[in-house]
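One structure is given here, and the rest of the page talks about it.
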Amino acid sequence: MRILIIGSGGREHALAWKLGQSREKPDILVAPGNGGTAREGRNADLPPGGIDRIMEFIREHKVDFVVPGAELPLVNGIVDACARAGVLCFGPVARAARLEGSKAFAKEVMREAGVPTADFAVFNDFAVAEKYVRDRKRPLAVKADGLAAGKGVVMAAGPEDAVAALRGMMLEKQFGPAGETVVVEDALAGEEVSLLAVCRDETLVLLPAAQDHKRAWDGDRGPNTGGMGAYSPAPVLPESRMGEIADLTLRPVLNIMKKRGIPYSGVLYAGLMLTADGPQVLEFNVRFGDPECQALLMRFKGDLLELLVDCASGRLGDAPGAAGEACPPQAAGGARGRPGDTAHRTGSANPPDLAPDGPKASAESADSGVRSPLWTDETSLCVVVAAEGYPGEYRKGMTVGGIDEAESRVPGKIKVFHAGTVAEQGQVKASGGRVLGVTALGADLREAQERAYAAVAEIRLEHAFFRRDIGCRGLKAACTGHRVSGLCPERRIAERGEERPPFADPDGSGT
Ligand code: AMP
Ligand code: GLY
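Mapped onto my numbering, the consecutive letters of the sequence shown carry residue numbers 87 to 597.
Dropping the structure here:
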């Protein structure tokens, strides 16, 4: 089977790596790919020109199965075009990809489906939007409706910030047509967590929870990025609650999409805020998260190709871990436990409070993870190494060294996923904002964190930075009362009352 993976990031490297381990022994093409995907399969040029050009490529290269990494080809209709050409493609059709492509559409669907989400209003007219934000008198999130490369959300503490954001989006057309319509919603407080499932119609295979780190700098400061690191499982979302939360957030959306005549297929990713009033959906994505994908696939033991093909060809119900109706805790594809081990508890001494009935429910529910053959019960953690300046203007062209040394520190437990790299005459050069995703498995979060950072220390890359506190939040949630590892600079900084200067390398440790 010949597979085409579309994209060039860390997520696409992780997909190529895991798909390459399939029993099918597929021939893997990645277009355009990066320095790492070239090692998992073959990179191919995909000249710009939209869906038609991609379809030409698919025909020329006799591709059997297409796996788009990012949202753009999905929103632009790659799945629809492949269906017309009789080629299997993983993901939603364009009308369903609007769940990510239009925030107003996603909010309407959530409202109709009764999914918990922040109160909101949608505007096409600046003056009307301005009046709304001035009258609302509370912190708001101002969001460009369309795709804006992860930059289309402005958190506004007061009305002046909100009006400035509206002006930028609606009048100055900062994001082009994507900002002509805006969604304004109430700001929510809580901890964020990503809940992903592979879905087809009303069937879903739940993936373990993962937690991303969206801000550029330690302690969740600095500008929003695509993601600076991730780990899985996320103690803040215990497996015992995952089925129930999927029933609250993902399943109603699948039902409504089917009712609207646009049955969903592909990954449905809910960005959740765990608030004092319970989980609320901030956004939907229609593809794997990056870097959540790297952390999740590091733990995946099943045949990914089989799962994605089952989904694309309408056979997801046969896949291990599939749940066709409301997710009983036992049926969700969580991460721990053994088949039949339905009475297994979360084991956390301090179950995190998922209001309204958090600690009690999580302590008493059965474990959700009886499909453990799909997932190792080890923890994974991915640290993104980024080029200085990211997510703004950043440097390129630096030579990347130390990847083999990093991976050989604990053989089989560390994988360095390439993101913004190119292979040039036997050397790896930095070519993007997020350069590498150094990912480790450990018996628990602490060990995964120690291994990942020890591997990062092997990387040689000038003019780069990384967050030093990936996983620290999870350690605190899981081990309140335990000594938190010395690797938690978030805590050290908080204790010393220091601000970390942007992009500085206070320890002088290289990257
Ligand atoms: P989105 O693309 O809608 O997920 O927004 C990107 C990021 O903005 C999220 O990951 C949150 O950190 C933040 N965000 C979005 N909406 C809200 C909200 N209503 N309240 C608080 N933070 C939000
Ligand atoms: N890591 C967040 C995203 O992929 O959207």
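Just so you know, even glycine gets a beta-carbon here, dropped at the ideal spot from N, CA and C.
As the structure is a prediction and not an experimental result, all values here were calculated from the model.
Tell me, to the nearest whole angstrom, how far the beta carbon of residue i is from that of residue j; I am working on the premise that it is less than 8 Å.
i	j	result
Thr289	Gly403	5 Å
Gln366	Ala204	6 Å
Gly352	Gly177	4 Å
Lys387	Leu460	6 Å
Gly155	His504	Actually they do not touch by this definition, with Cβ atoms about 13 Å apart.
Val279	Ala295	6 Å
Arg520	Gly528	At roughly 22 Å, the Cβ-Cβ gap does not stay under 8 Å, so Arg520 and Gly528 are not in contact.
Leu334	Pro202	7 Å
Tyr350	Cys285	5 Å
Ala124	Ala509	5 Å
Ala227	Met241	6 Å
Gln297	Ala320	4 Å
Pro159	Leu391	Not confirmed; about 19 Å, so no contact.
Ala190	Val161	Rounded, the Cβ-Cβ distance is 14 Å, inconsistent with contact.
Ile92	Ile140	7 Å
Arg373	Glu157	5 Å
Find the nearest neighbour of residue i within the set the options, judged by alpha-carbon distance.
i	options	result
Arg220	Gly487, Gly305 and Glu271	Glu271
Lys104	Leu360, Ala248, Asn162 and Asp389	Asp389
Gly238	Ala381, Ala264, Leu257 and Asp138	Ala264
His99	Glu378, Glu392, Glu479 and Met484	Glu378
Arg224	Gly232, Leu132, Asp231 and Ala248	Ala248
Ala273	Leu281, Leu360, Leu257 and Leu394	Leu360
Gly52	Ala381, Leu185 and Glu246	There is no way to answer for residue 52, as the model of the chain reaches only from 87 to 597.
Glu246	Ala190, Ala102, Lys217 and Leu233	Lys217
Gly119	Gln107, Lys111 and Gly95	Gly95
Gly475	Lys501, Gly276, Val508 and Gly518	Gly518
Lys515	Lys501, Ala534, Ala543 and Ala472	Ala472
Glu186	Gly375, Ala213 and Arg495	Gly375
Arg647	Leu323, Asp287 and Arg145	The first residue shown for the chain is 87 and the last is 597, placing residue 647 beyond what the model contains.
Ala102	Gly313, Phe151, Ile545 and Gly357	Phe151
Ala183	Tyr355, Gln535 and Ile500	Tyr355
Glu491	Glu266, Tyr539 and Leu252	Tyr539
Met255	Gly232, Glu277, Gly244 and Ala243	Gly232
Ala215	Val470, Ala192, Met196 and Leu252	Leu252
Ile500	Met484, Glu533 and Gly512	Glu533
Asp555	Ile91, Glu325 and Tyr317	Tyr317
Ile342	Glu330, Ala362 and Glu198	Glu198
Gly127	Leu115, Ala192 and Gly483	Leu115
Gln513	Val486, Lys562 and Phe209	Val486
Gly523	Val395, Asn162, Ala541 and Ala235	Ala541
Gly557	Ser466, Ala550, Gln511 and Val502	Ser466
Lys482	Val269, Thr267 and Glu548	Glu548
Pro330	Gly364, Asp304, Ile144 and Leu174	Rather than Pro, the amino acid found at residue 330 in this sequence is Glu. Glu330 has its Cα closest to that of Gly364, out of Gly364, Asp304, Ile144 and Leu174.
Arg559	Arg222, Arg88, Pro309 and Lys300	Lys300
Less than 6 Å separating the Cβ of residue i from some heavy atom of ligand 1?
i	result
Ala180	no
Glu479	no
Ala215	no
Lys345	no
Val208	no
Gly357	yes
Leu282	no
Leu271	The question names Leu, but residue 271 in the sequence shown is Glu. Yes, Cβ of Glu271 sits closer than 6 Å to a heavy atom of ligand 1.
Lys300	yes
Glu369	yes
Leu274	yes
Ala204	yes
Val239	yes
Ala183	no
Ala227	yes
Do residue i and ligand 2 come close, with the Cβ less than 6 Å from some heavy atom?
i	result
Gly313	yes
Gly523	no
Asp304	no
Asp463	no
Gly308	no
Gly375	yes
Runs of alpha helix (DSSP H) lying entirely within the region 355-400, each at least 4 residues, in chain order: As far as the region 355-400 is concerned, its whole alpha helix (DSSP H) runs of at least 4 residues are 378-385 and 390-398.
- prompt: Going along the chain, which unbroken runs of the beta strand (DSSP E) with 3 or more residues stay wholly within the region 297-332?
  reply: With a minimum length of 3 residues, the continuous beta strand (DSSP E) runs that stay inside the region 297-332 are 301-303, 307-310 and 315-318.
- prompt: Of all the alpha helix (DSSP H) runs that stay within the bounds of the region 234-266, which reach a length of 4 or more residues?
  reply: The DSSP assignment places complete alpha helix (DSSP H) segments of no fewer than 4 residues inside the region 234-266 at 245-252, in order along the chain.
message: In chain order, what are the residue ranges of uninterrupted alpha helix (DSSP H) at least 4 long that sit wholly in the region 148-187?
response: As far as the region 148-187 is concerned, its whole alpha helix (DSSP H) runs of at least 4 residues are 157-161, 164-171 and 180-187.
field: Segments assigned alpha helix (DSSP H), at least 4 residues, entirely inside the region 476-511
entry: Listed in chain order, they are 489-494.
Runs of alpha helix (DSSP H) lying entirely within the region 510-546, each at least 4 residues, in chain order: With a minimum length of 4 residues, the continuous alpha helix (DSSP H) runs that stay inside the region 510-546 are 531-542.
- prompt: Along the chain, which unbroken stretches of the alpha helix (DSSP H) at least 4 residues long are found entirely within the region 200-226?
  reply: Every alpha helix (DSSP H) of 4 residues or more that sits fully in the region 200-226 is shown, in chain order, as 212-222.
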